[in-house]
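Colleague:
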RNA sequence: CGGAGUGUAGCUCAGCCUGGUAGAGCACUGCGUUCGGGUCGCAGGGGUCGAAGGUUCGAAUCCUUUCACUCCGACCA
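Numbering (this note's numbering), first residue to last: 4 to 440.
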């Protein structure tokens, strides 16, 4: 993509409405624009990031055996009346009437709808377990949206729902998601700590929030200092094996959200206790038969008996992650994208657009990098060199390939790693090899 | 939902107190200049001052109403 043709409206100054760093940088880099309070349009640069994040989530869900569906944003109120949540949800739910004066709503979540789909289609224990997910926009009419896309009213969320025959099966489904979440966040370059969270109606320990430590986080969290040095990374996993040992390993160090942390009961020595703030990027939850019973979602068991399905739900804030990743990875100059979610792999800077040699060299690089499967943003504008450097640092692409007349005269180009700031002078072939290795 | 603010050019803001022909910087357009970390100069274009009422000879400015947005708190992926 040529930057001269790319729709990326940057701002030199920070709009007054943006308070936290991720919001400021997303606006300045032209990733998003606010449409209304807590509602955002995603411009090309931001949308590419959103899709990268969603794709990682998708791949890890698929790997765990979950299957992708797509449910609508608009739902009928009837189902929500059946579960009694139509009234319980209160003003957070955006209620709409259609032309026939029927009560509709913009879905804040999908338990009712997925349960309805499931109960209408699955009748036998032989069809369990199942795990269905979708990545869809949700709306919760927050009293006070803030922090840009991190706390919007409309947000993109991956949510899925597991259906099992018994509690042991539900536990296994839960464990699968636990591991899948570790893998998902690790692939985005994030350290997301699984923290004990408020449990569902069946109690136990079957609820965890996945939290990124950040000073700008919206909730207070407490954890063993050991987490600060822990590399959260789950390797290849056989999802059919017993996952209890793996989950136990990842939960042995203390970690709890504010409402779960009891200073009286916490046995951790005070010098091992880290208290800070965190951003919730995922939440997994087992709720047993909370929806299957009132909505009569049951299958016939091997002895002909009725069995209410054991369910769990699991969420990842996809649009929130775009902001959270920036909170976790930036410097004074701008965003520092982890390679896996960067909107482009390489920022190619032609320092002297219009100069025949520079143009030819830059175009050649562009073609070869694209041919090697890399995505490239080519700054071919006739701006000053300094302006191009600052632009590239702001949007935070992992690699900057700098082509200028001075270097070219010596057959060299410069390669800069955004994350470390390290630059090296390389021959053209060396630079290509390094970027396509 | 309680409390506090802000709405003037695409962005950051001044002007309002004390009413009298709408401003600056950045951005944008043209020309020249410069060219390896936001070059410099000259000349331009762009705003029914959030909206509606009112007071006044005259309202961005004073009064009333209303809408939007932001911040603090309580609540949430």
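Glycine is no exception: its CB is placed at the ideal position from the N, C-alpha and C atoms. Because the structure is a prediction, the values reported are computed rather than measured.
Please determine if the segment 336-346 and the segment 398-410 are in contact, where contact requires at least 3 C-beta pairs separated by less than 8 angstroms.
Modeller: Segments in contact, yes.
Colleague: Taking its Cβ as the centre, do 16 or more other Cβ atoms sit within 10 Å of residue 161, making it buried, or is it exposed?
Modeller: Within the first chain, the letter at position 158 stands for residue 161. By the 10 Å Cβ count, residue 161 comes out buried.
Colleague: Give me the Cβ distance between residue 173 and residue 315, rounded to the nearest whole Å; I'm assuming they're in contact under 8 angstroms.
Modeller: Mapped onto the first chain, residue 173 falls at position 170. Mapped onto the first chain, residue 315 falls at position 312. Their Cβ separation, rounded to whole angstroms, is 6 angstroms, which keeps residue 173 and residue 315 in contact under 8 angstroms.
Colleague: Can you tell me where the beta strand (DSSP E) with residue 315 in it begins and where it stops?
Modeller: As a position in the first chain, residue 315 is number 312, starting the count at 1. Run containing residue 315: 313-320, per the beta strand (DSSP E) assignment.
Colleague: Where do the N-terminal and C-terminal ends of the beta strand (DSSP E) with residue 163 fall, by residue?
Modeller: Taking the first residue of the first chain as position 1, residue 163 is located at position 160. Looking at the DSSP string, the run of the beta strand (DSSP E) that includes residue 163 is 157-167.
Colleague: Between which two residues does the alpha helix (DSSP H) holding residue 15 run?
Modeller: Numbered from its first residue, the first chain carries residue 15 at position 12. Residue 15 -> no alpha helix (DSSP H), and no H or E assigned at all.
Colleague: What span of residues does the alpha helix (DSSP H) with residue 64 cover, start to end?
Modeller: The count along the first chain starts at 1 and reaches residue 64 at position 61. From DSSP, the alpha helix (DSSP H) with residue 64 extends over 47-67.
Colleague: Residue ranges of each alpha helix (DSSP H) run of no fewer than 4 residues wholly in the segment 204-288, ordered along the chain?
Modeller: Runs of the alpha helix (DSSP H) inside the segment 204-288: 229-232, 247-253.
Colleague: Between which two residues does the beta strand (DSSP E) carrying residue 141 extend?
Modeller: Numbered from 1 along the first chain, position 138 holds the residue referred to as residue 141. 133-142 is the span of the beta strand (DSSP E), which, as asked, contains residue 141.
Colleague: Got a sec, what are the start and stop residues for the beta strand (DSSP E) residue 381 sits in?
Modeller: The sequence position of residue 381 within the first chain is 378, counting from 1. Its beta strand (DSSP E) spans residues 379-382.
Colleague: Let me know the beta strand (DSSP E) ranges lying completely inside the segment 335-392, each 3 residues or longer, listed in chain order.
Modeller: The qualifying runs are 349-353, 379-382.
Colleague: Can you tell which of 67, 87, 7 has the C-alpha that lies nearest to the C-alpha of residue 296?
Modeller: As a working mapping, residue 296 is identified with position 293 in the first chain. With distances taken between Cα atoms, residue 296 lies closest to 87.
Colleague: Could you check what DSSP says for residue 395 in three-state terms: helix, strand or coil?
Modeller: For the purposes of this step, residue 395 is taken as the residue at position 392 of the first chain. In this structure, residue 395 counts as helix in the three-state DSSP scheme.
Colleague: Just tell me which of 32, 64, 40 has its CA closest to the CA of residue 51.
Modeller: Counting from 1 along the first chain, the entry for residue 51 is found at position 48. Among 32, 64, 40, the Cα nearest to that of residue 51 belongs to 32.
Colleague: Whole angstroms is fine: what's the gap from residue 356's alpha carbon to residue 384's?
Modeller: Translated into positions along the first chain, residue 356 becomes position 353. Translated into positions along the first chain, residue 384 becomes position 381. Taking the straight line from one Cα to the other gives about 6 angstroms.
Colleague: Assess, as a yes-or-no matter, whether the segment 207-224 is touched by the segment 250-270 under the definition of 3 or more beta carbon pairs within less than 8 angstroms.
Modeller: As far as the Cβ criterion goes, the segment 250-270 touches the segment 207-224, which means the pair count is three or higher.
Colleague: Are the CB atoms of residue 382 and residue 351 within a distance shorter than 8 angstroms?
Modeller: As a first step, residue 351 is located in the first chain; it is residue number 348 there, counting from the start. As a first step, residue 382 is located in the first chain; it is residue number 379 there, counting from the start. Cβ distance < 8 angstroms, so residue 351 and residue 382 count as in contact.
Colleague: In terms of DSSP beta bridges, what is residue 197 paired with?
Modeller: Indexing the first chain from 1 puts residue 197 at position 194. 213, per the DSSP bridge assignment.
Colleague: Using the three-state DSSP reduction, which class does residue 400 fall into: helix, strand or coil?
Modeller: For the purposes of this step, residue 400 is identified with residue 397 of the first chain, where counting begins at 1. Note: residue 400 maps to coil in three-state DSSP.
Colleague: Going by the CB atoms, is the gap between residue 235 and residue 189 shorter than 8 angstroms?
Modeller: Looking up residue 189 in the first chain gives position 186. Looking up residue 235 in the first chain gives position 232. Yes, the pair counts as a contact, with Cβ atoms nearer than the cut-off.
Colleague: Using 8 angstroms for Cβ pairs, my map puts residue 150 next to residue 23. What's the rounded Cβ distance?
Modeller: If you number the first chain from 1, residue 150 lands on position 147. If you number the first chain from 1, residue 23 lands on position 20. At roughly 5 angstroms, the Cβ-Cβ gap stays under 8 angstroms, so residue 150 and residue 23 are in contact.
Colleague: Going by the CB atoms, is the gap between residue 368 and residue 406 shorter than 8 angstroms?
Modeller: Residue mapping note: residue 406 aligns to position 403 of the first chain, counting from 1. Residue mapping note: residue 368 aligns to position 365 of the first chain, counting from 1. Contact flag set, yes.
Colleague: Would you list, in sequence order, the uninterrupted beta strand (DSSP E) runs of no fewer than 3 residues that lie entirely inside the segment 71-156?
Modeller: Complete beta strand (DSSP E) runs here, min 3: 77-79, 97-100, 106-109, 133-142.
Colleague: Go to residue 37, then tell me how far its alpha helix (DSSP H) extends in each direction, as first and last residue.
Modeller: Residue numbering aside, residue 37 sits at position 34 when the first chain is read from its first letter. Premise fails: residue 37 lies in the beta strand (DSSP E), 35-39, not in any alpha helix (DSSP H).
Colleague: With distances taken Cα to Cα, identify the nearest neighbour of residue 436 among 288, 371, 387, 359.
Modeller: Reading the first chain from its first residue, position 433 is the one you call residue 436. Selected option, being the one with the closest Cα: 371.
Colleague: DSSP three-state call for residue 427: helix, strand or coil?
Modeller: In the first chain, counting from the first residue as 1, residue 427 sits at position 424. Strand.
Colleague: At which residues does the beta strand (DSSP E) containing residue 301 begin and terminate?
Modeller: In the first chain, counting from the first residue as 1, residue 301 sits at position 298. Residues 301-303.
Colleague: Given a cut-off of 8 angstroms on the beta-carbon distance, is the pair residue 136 and residue 54 in contact?
Modeller: On the first chain, residue 136 is found 133 positions in, with the first residue counted as 1. On the first chain, residue 54 is found 51 positions in, with the first residue counted as 1. It is not a contact, given that the beta carbons lie outside the stated cut-off.
Colleague: For residue 177, name the three-state secondary structure that DSSP assigns.
Modeller: Stepping through the first chain from its first residue, residue 177 is reached at position 174. Residue 177 falls in the helix class under three-state DSSP.
Colleague: What do you reckon, are the CB atoms on residue 310 and residue 89 nearer than 8 angstroms?
Modeller: The sequence position of residue 310 within the first chain is 307, counting from 1. The sequence position of residue 89 within the first chain is 86, counting from 1. No, the Cβ-Cβ distance between residue 310 and residue 89 is not below 8 angstroms.
Colleague: So, for residue 77: in the same chain, excluding its five sequence neighbours on each side, which residues have a beta-carbon less than 8 angstroms away from its beta-carbon?
Modeller: Here residue 77 refers to the residue found at position 74 of the first chain. So the list reads 99, 107, 108, 109, 110, once near-sequence residues are dropped.
Colleague: Taking the alpha-carbon positions, what's the residue 44 to residue 157 distance?
Modeller: Counting from 1 along the first chain, the entry for residue 44 is found at position 41. Counting from 1 along the first chain, the entry for residue 157 is found at position 154. In a straight line, the C-alpha of residue 44 is about 10 angstroms away from that of residue 157.
Colleague: Could you have a look at residue 188 and say whether DSSP puts it in helix, strand or coil?
Modeller: Numbered from 1 along the first chain, position 185 holds the residue referred to as residue 188. In this structure, residue 188 counts as helix in the three-state DSSP scheme.
Colleague: On the CB-based measure, 16 or more other CB atoms within 10 Å of its CB, does residue 361 come out buried or exposed?
Modeller: On the first chain, position 358 is the one that residue 361 refers to. Label assigned to residue 361: buried.
Colleague: Where does residue 407 sit, in a helix, a strand or coil, going by DSSP?
Modeller: As a position in the first chain, residue 407 is number 404, starting the count at 1. Coil, per DSSP.
Colleague: Distance check for residue 282 and residue 11, CA to CA, integer angstroms please.
Modeller: On the first chain, residue 11 is found 8 positions in, with the first residue counted as 1. On the first chain, residue 282 is found 279 positions in, with the first residue counted as 1. Computed Cα separation, rounded: 27 angstroms.
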